[in-house]
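Worksheet: one structure, shown below.
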Amino acid sequence: MKKKLSRREFLKIGALGSAALIVSHCAPPPTPTQVPQPPTPTTASVQTEAPPAPETAAPPPAASDATYEEWINTVASTDPIEIRIVHWFDPNNPAEHNQELMDWATGEWKKRYPNGKINWELVGWGEIDQKTAGFVMANEPVDITYNWGGATENWCSGDFVLPLDGQMPKWWVDSRIPATLQPPSNGLCSDGRLVMAAMGMENQAVIVRADLLEAAGVSQDSLASQEGFVAAMQALSKQPGFEKPYAFKMGADWSMMDSLLFAWRGNGLTFGDFREDGSEKDAWLQSAEFVKKLMELTPEAALNWTWAEVEQAFATGQIAAMDHGNWFYSVGKTLDTEGKIVNEKVTGLVPYPYGPSSPEKKPFITFSLTGFYLLKTSPEKNRRAAIDLMAILSQTKAAWKHQDGTVPPTTGWTIEDRLKEAYDPSIAWWWKRWEELNKTSRIVPLTGFLARDEITGAAYPLLVSMYRGEITPEQLYTQMREIALPLIEAAKKP
-2 MKKKLSRREF LKIGALGSAA LIVSHCAPPP TPTQVPQPPT PTTASVQTEA PPAPETAAPP
58 PAASDATYEE WINTVASTDP IEIRIVHWFD PNNPAEHNQE LMDWATGEWK KRYPNGKINW
118 ELVGWGEIDQ KTAGFVMANE PVDITYNWGG ATENWCSGDF VLPLDGQMPK WWVDSRIPAT
178 LQPPSNGLCS DGRLVMAAMG MENQAVIVRA DLLEAAGVSQ DSLASQEGFV AAMQALSKQP
238 GFEKPYAFKM GADWSMMDSL LFAWRGNGLT FGDFREDGSE KDAWLQSAEF VKKLMELTPE
298 AALNWTWAEV EQAFATGQIA AMDHGNWFYS VGKTLDTEGK IVNEKVTGLV PYPYGPSSPE
358 KKPFITFSLT GFYLLKTSPE KNRRAAIDLM AILSQTKAAW KHQDGTVPPT TGWTIEDRLK
418 EAYDPSIAWW WKRWEELNKT SRIVPLTGFL ARDEITGAAY PLLVSMYRGE ITPEQLYTQM
478 REIALPLIEA AKKP
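Quick note on numbering: this note's numbering labels position 493 of the sequence shown as 490, and the sequence is numbered without any gaps.
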């Protein structure tokens, strides 16, 4: 997560470690997954009725798709196709250059569909889960939606999205970092179907005032454990003007969940990891107790803060630490116009801390994909054109045109290449820091969990009550377990 971002169980990270490198190149291209086809009848086996073929997104692209240049300059259709895409590109956000991106993508797409039209509909991160479900339930003809990878499994199990296997152009498949097309990438359903055309690769960690840590005599390495992290925040609270140095994004249920997932990941769980045998209890409680201690160091104003307000609080010197991601730089520089805080000397990055129940006992950063999904409500006549727009929006140059903090999930480029097109070349130090974190930290996939939306909604008032001291971590666990187990069982049913 970012902006107003809704970040919502896969196996261990495995192959994704290499995928999260900010400079990703020289990786061999994967072989695209083929969509299964029904068996061809032989003379010895005659069927009176053909079995239904699996629903697919669209006919595969033509053969002239080996390179982007060949593909984009080939007219696919002269029909007056209209594509409806819901997106997060707010044209009024100066940090993200969204109008430039939309104008460029439209121009590229119209090379293939000269008589076509794209209807761009802005839907904020805080609304996309509910609105996407609404589109599907109402069978509304929306072609493309978006989210981060934490939504993937819920949308797969809910039958919201169509598979992209065998549908993407060859240049697109060849350009992907292989691990983004393999489990446990959160652009895939748990059964291995590719459903996301990822535009961005997102790493998250803790962004902290390095100057204040130094002034407090705190080594950044001491933040590696949850115990050490709390001690460091307590030390920062003694710095003048920083009595409450940390901030959770407590202004909404989705942003609250976004900002505390790392506490459970630090103990090898997700927030929604409730089991019939109760074996999660100790680790779950340790995570809740860690959050409670940080809540005691979070200003009351944060009860009204989501992503945007926490970003502003850090960039303007109201707080000294927050969890965030590699896209923060462009936002931070826009908010800190004089560069007093968002600079190489003052702003530091540290990995998330591990908890007492962590099997690895090592700090970590998280990894996720963000991108576009083809909804099952997309009319069949639109699907080829919709997939082509998704391919355009998820290629390297699209990520670069979006904002300097967006890292494309593609190979064949370097930081030097990127700097030639960066809106703000001073971002080089920021990219270098993230590259160092990727090389030295454990990388954990940031994923959602079953019944994510329902559990998140139920948890919110209880988490606010814990912030206010009205319930304990033990009471939070007991009440959430009672609520969550039936929701998880219901989500498992087809």
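Glycine residues also receive a C-beta, built at the ideal position from the N, C-alpha and C atoms.
Query                                                                                                                       : Result
Helix, strand or coil at Thr363 according to DSSP, with G and I counted as helix                                            : strand
Unbroken alpha helix (DSSP H) run spanning Lys114, endpoints                                                                : Where Lys114 is concerned, there is no enclosing alpha helix (DSSP H), although the beta strand (DSSP E) it sits in stretches over Lys114 to Leu119.
Residues near Asp450 by beta carbon distance below 6 Å, same chain, minus five either side                                  : Asp126
Segments assigned alpha helix (DSSP H), at least 4 residues, entirely inside the stretch 217 to 271                         : 223 to 233 and 250 to 262
Glu418 classed as buried or exposed, judged by whether at least 16 other C-beta atoms fall within 10 angstroms              : exposed
Span separating the alpha-carbon of Arg381 from that of Leu185                                                              : 20 Å
Option in Lys246, Lys114 and Thr75 with minimal Cα separation from Leu291                                                   : Lys246
Asn95 (DSSP reduced to helix, strand or coil)                                                                               : helix
Nearest neighbour of Thr334, chosen from Trp68, Pro91 and Ala63 [CA to CA]                                                  : Pro91
Euclidean distance between Cα positions of Glu46 and Gln392                                                                 : Bear in mind that the predicted position of Glu46 carries a pLDDT of just 41, short of 50, making it too unreliable to give a figure here.
At least 3 beta-carbon pairs within less than 8 Å: the stretch 209 to 216 vs the stretch 186 to 199                         : no
Assigned exposure category for Lys489 - 16 Cβ within 10 Å defines buried                                                    : exposed
Distance CB(Gly275)-CB(Asn323) smaller than 8 Å                                                                             : no
6 Å Cβ shell around Glu286 - same chain, five flanking residues per side excluded                                           : Pro470
Own chain partners of Met253 with C-beta closer than 7 Å, once the 5 adjacent residues on each side are dropped             : Phe245, Lys246, Met247, Tyr457 and Leu460
Span of the alpha helix (DSSP H) around Gln309                                                                              : Trp304 to Ala312
Residue from Pro348, Ala298, His321 and Glu224 with nearest C-alpha to Val288                                               : Glu224
Range of the contiguous alpha helix (DSSP H) that encloses Asp208                                                           : Ala207 to Ala212
Beta carbon of Leu178 nearer than 8 Å to that of Leu191                                                                     : yes
Cβ contact check for the stretch 364 to 383 and the stretch 435 to 455: 3 or more pairs under 8 Å                           : yes
N- and C-terminal bounds of the alpha helix (DSSP H) containing Gly454                                                      : Arg449 to Tyr464
Beta-carbon proximity of Glu273 to Leu266, cut-off 8 Å                                                                      : no
Beta-carbon contacts of Trp85 that lie in its chain and below 8 Å, excluding the five residues immediately before and after : Lys0, Leu119, Val120, Gly121, Trp122, Ile125 and Tyr143
Secondary structure of Ile141, DSSP reduced to three states                                                                 : strand
Where Ala63 falls, given that 16 or more other Cβ within 10 Å makes a residue buried                                        : exposed
Cβ pair Leu98, His321 closer than 8 Å                                                                                       : no
CA-to-CA distance, Tyr420 to Tyr326, given in whole angstroms                                                               : 12 Å
One or two residues paired with Val404 in a DSSP bridge                                                                     : Met198
Nonlocal neighbours in the same chain, by C-beta distance under 7 Å from Gln236, ignoring five residues either side         : Leu209, Ala212 and Ala213
Range of the contiguous beta strand (DSSP E) that encloses Ile80                                                            : Glu79 to His84
The stretch 102 to 114 contacting the stretch 339 to 352, beta-carbon criterion three pairs below 8 Å                       : no
Presumed contact (8 Å Cβ cut-off) between Tyr351 and Thr295, rounded CB distance                                            : With a Cβ gap of about 21 Å, Tyr351 and Thr295 do not count as contacting.
CB-CB length for Trp302 against Ala312, believed under 8 Å                                                                  : That belief does not hold up - the Cβ atoms of Trp302 and Ala312 are roughly 13 Å apart, past 8 Å.
Leu496 - DSSP class collapsed to helix/strand/coil                                                                          : Nothing in the structure corresponds to residue 496, since the chain is present only between -2 and 491.
Inter-stretch contact (C-beta, 8 Å, three-pair minimum) for the stretch 258 to 265 and the stretch 125 to 140               : no
Simplified DSSP assignment, three categories, for Val343                                                                    : coil
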